[in-house]
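Numbering (this note's numbering), first residue to last: 1490 to 1621.
Backbone N, C-alpha and C fix where the C-beta goes; we use that ideal spot for every residue, glycine too.
The model shown is predicted, which means the values in this text are computed figures rather than measured ones.
Structure record follows, encoded as structure tokens.
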């Protein structure tokens, strides 16, 4: 198994640099399921979403589509597939950012009752509340 950095996934998804796209394509094509897979850390996903939105002006729908494609790839391994599925569903249905829902899911696993935030949009969603 190898770990994939954000820039490898960005180059693969946006293909804006021919040489780096080709290298990322070769790397990903050599991967397989299980022990031969590519590991994608949660922080890589958060950074990927930020880069796609900030640097490439991807829409929320396009980002969700890219993340779903990555999540369904049998040659990629994630920190927690079930958590990633919950985060993707929340991101698809909610108004918060991908990172917000990942924070909430990780907080739940840690035994937290709520994530306190000043974000009023998130305060209206389950698992988030205003600071007291």
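If you draw a straight line from the Cα of residue 1599 to the Cα of residue 1616, it is about 13 Å long. For residue 1512 and residue 1602, the gap between their C-alpha atoms comes out near 44 Å. The beta carbon of residue 1545 sits closer than 6 Å to those of 1503, all from its chain and outside the five residues before and after it, given in chain order. Around the beta-carbon of residue 1589, 16 or more other beta-carbon atoms lie within 10 Å, marking it buried. Going by C-alpha positions, residue 1614 is about 43 Å away from residue 1508.
Counting along the chain, no alpha helix (DSSP H) covers residue 1565; the unbroken beta strand (DSSP E) around it starts and ends at 1565-1567. Following the DSSP letters along the chain, one finds residue 1529 inside the beta strand (DSSP E) bounded by residues 1527-1529. The three-state secondary structure of residue 1604, taken from DSSP, is strand. With a cutoff of 8 Å on beta-carbon distance, residue 1492 and residue 1547 are scored as not near each other.
The Cβ-Cβ distance between residue 1559 and residue 1565 falls below 8 Å. Burial check for residue 1500: the Cβ neighbour count within 10 Å reaches 16 or more, so the residue is buried. Taken atom to atom, the span from the alpha-carbon of residue 1525 to that of residue 1536 is near 24 Å.
Just measuring C-alpha positions, the residue of 1604, 1610 and 1575 sitting nearest residue 1557 is 1575.
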